[in-house]
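Each residue of the sequence shown is one higher than the last, beginning at 4 in the numbering used here.
Note that beta-carbon positions come from the ideal geometry of N, C-alpha and C, so glycine has one too.
Heads up: the structure comes next, in structure tokens.
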Amino acid sequence: MPERGVVRFWHDDEGWGVIDSPSAPGGCWAGFAAIEMPGFAKLHEGQQVWVTIGDGPQDGYDYLAERITLDIP
């Protein structure tokens, strides 16, 4: 189920970042492949997104973004 999240940080050069969401304490690891948008997929610090969260671990984070959209699903 998608929920609202906020991008904590995003590394354009590496294609990953972290999204904060109430159901992902400590943050949710997010990779560019999970972002549903045309063209070069990237996010920006402070950006609000919809995220479907799955279990990690991934690079030290307990949660993993399975799907990220910019519009209301």
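Inset, instruction - Report buried or exposed for GLY8, applying the criterion of at least 16 other Cβ atoms within 10 angstroms of its Cβ. - result: For the purposes of this step, residue 8 is taken as the residue at position 5 of the sequence shown. Flag for GLY8 reads buried.
Legend entry - Opening and closing residue of the beta strand (DSSP E) in which GLY8 lies: Within the sequence shown, the letter at position 5 stands for residue 8. Unbroken beta strand (DSSP E) run through GLY8: 6-14.
Inset, instruction - Report the three-state DSSP secondary structure of HIS68 (helix, strand or coil). - result: Residue 68 sits at position 65 when you count from the first residue of the sequence shown. Strictly speaking, residue 68 in this sequence is Ala, with His absent from that position. Note: ALA68 maps to strand in three-state DSSP.
Inset, instruction - Closer than 6 Å by C-beta to PRO39: which residues in its own chain qualify, once you throw out the five before and the five after it? Chain order, please. - result: Here the question's residue 39 lines up with position 36 in the sequence shown. Strictly speaking, residue 39 in this sequence is Glu, with Pro absent from that position. Correct list, in chain order: THR72.
Legend entry - Continuous beta strand (DSSP E) stretch holding ALA33: start and end: Against the sequence shown, residue 33 aligns to sequence position 30. Taken as a continuous stretch (DSSP letters only), the beta strand (DSSP E) holding ALA33 covers 31-34.
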